[in-house]
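**Student:** Numbering (the numbering used here), first residue to last: 149 to 475.
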């Protein structure tokens, strides 16, 4: 593999400012997430109440897959359910069963349900009203274990900054990989491409099974999808080989300490099962390599970004988090 000269590359890194409005919105989200609820007993459900429901959804009078549930919490007015569902629970009482009539949105994620009218037999299992500390003051901050409101704003601003920074990094990395893909055209090892395509295709099939969609629902055919995802597999293999070559030529290494930190982070994702996770990775070389690989990739990307011209471009939050067709 001959690595192209990438020193002349020029990339833009989108950067968004953390505004006071964004900090205030995040704090409002925190307040909304720290609501305490008290049981309303026999009182009727009102806007803002949390209603525990069991339901059976039907289309054309027949129950549909995924349309049955129990112990489901619905906050009236939150807009988390199908439009029109929550409002029809207002006035209901515990033990009551209501017929809720709605239509799935045209852009609903499950194509077989999109745009279709449906009914739900909904039984009210419980109703709770919200209690929250309304003032955003030092007392509110103390409920979160933070000394003052100013300190809370500082922490939130820092967290938002990290999120924005991670997205900026993701965007400029994408631009770099696109450029490297264009710069390098060489014959790929067929077996590596086939193995990568098999991995990608499994992901595609699992996604279709989860959503209940078909290739036709996605506006394509299986043959066209195979061609598209084979191209993605080829890109992954090509870029993987290029990054590996750059890393080797520049003696970029992943230390045992870095792998250990990644393993500790992984263990923290499974509270109470830390020992099992540790033993799994330590006894499974392929699993351990899966922790090492992304660290190596990020270090190589950092090395390349340090050798090319990167210019910051001020953008809005919406522009920063917009998902392009390529992504």
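Note that CB positions come from ideal geometry on N, CA and C, so glycine has one too. For clarity, every value in this text was computed on a predicted model and none was experimentally measured.
#1: Residue 473: which of 319, 418 and 387 sits nearest, CA to CA?
#2: Drop a sphere of 10 angstroms on the beta-carbon of residue 149, count the other beta-carbons inside from all chains shown, and report buried for 16 or more, exposed for fewer.
#3: Look up residue 275 in the DSSP assignment and give the residues it is bridged to.
#4: Roughly how many angstroms separate the alpha carbons of residue 333 and residue 377, rounded to a whole number?
#5: Should residue 342 go down as buried or exposed, given a rule of 16 or more other Cβ atoms within 10 Å for buried?
#6: Within the continuous alpha helix (DSSP H) that includes residue 337, where are the two ends?
#7: What does a CB cutoff of less than 8 Å around residue 294 pick up in its chain, not counting 5 residues either side in sequence?
#8: If you count every other CB in all the chains shown that lies within 10 Å of the CB of residue 418, and 16 or more means buried, which is it?
#9: What residue range is occupied by the uninterrupted alpha helix (DSSP H) comprising residue 260?
#10: Between the alpha carbons of residue 467 and residue 290, how many angstroms are there, rounded?
#11: What first and last residue would you give for the beta strand (DSSP E) that runs through residue 219?
#12: What residue range does the beta strand (DSSP E) around residue 162 cover?
#13: In whole angstroms, give me the CA-to-CA distance for residue 228 and residue 254.
#14: Suppose you measure from the CA of residue 316 to the CA of residue 222; what does that come to, to the nearest Å?
#15: Count the other CB atoms, across all protein chains shown, that sit within 10 Å of the CB of residue 276; report buried if there are 16 or more and exposed otherwise.
#16: Can you have a look at residue 205 and say buried or exposed, based on whether 16 or more other CB atoms are within 10 angstroms of its CB?
#17: Could you tell me whether the region 189-209 touches the region 343-362, where touching means 3 or more Cβ pairs closer than 8 Å?
#18: Using three-state DSSP, classify residue 239 as helix, strand or coil.
#19: Does the region 163-181 come into contact with the region 449-468, if we say contact requires no fewer than three beta-carbon pairs (one atom in each stretch) closer than 8 Å?
#20: If you draw a straight line from the C-alpha of residue 360 to the C-alpha of residue 415, how long is it?
#21: Should the region 425-438 be regarded as contacting the region 353-372, the criterion being three or more beta carbon pairs within less than 8 Å?
#22: So what's residue 205 in DSSP terms, helix, strand or just coil?
#23: Could you compute how far the alpha carbon of residue 387 sits from the alpha carbon of residue 246?
#24: Judging by CA-CA distance, which residue of 457, 450, 224 and 248 is the nearest neighbour of residue 395?
#25: Going by beta-carbon coordinates alone, are residue 456 and residue 233 separated by less than 8 Å?
#26: Nearest to residue 182 by CA position, among 264, 430 and 292, is which residue?
#27: Opposite residue 266 in the DSSP bridges: which residues?
**Tutor:** Looking at the coordinates:
#1: 319
#2: exposed
#3: Per DSSP, 199.
#4: About 18 Å.
#5: exposed
#6: Counting along the chain, residue 337 falls outside any alpha helix (DSSP H), and DSSP gives it neither H nor E.
#7: 300 and 303
#8: exposed
#9: Run containing residue 260: none; DSSP gives neither H nor E here.
#10: 35 Å
#11: Here the beta strand (DSSP E) through residue 219 covers 210-223.
#12: 158-164 is the extent of the beta strand (DSSP E) around residue 162.
#13: 16 Å
#14: Each residue's CA atom was taken as its position, placing residue 316 and residue 222 some 35 Å apart.
#15: buried
#16: The residue is buried, with at least 16 neighbouring Cβ atoms inside 10 Å.
#17: no
#18: coil
#19: Yes, they touch.
#20: 33 Å
#21: no
#22: If DSSP states are grouped into helix, strand and coil, residue 205 belongs with the strands.
#23: 56 Å
#24: Ranked by Cα distance from residue 395, the first of 457, 450, 224 and 248 is 450.
#25: no
#26: 292
#27: 250
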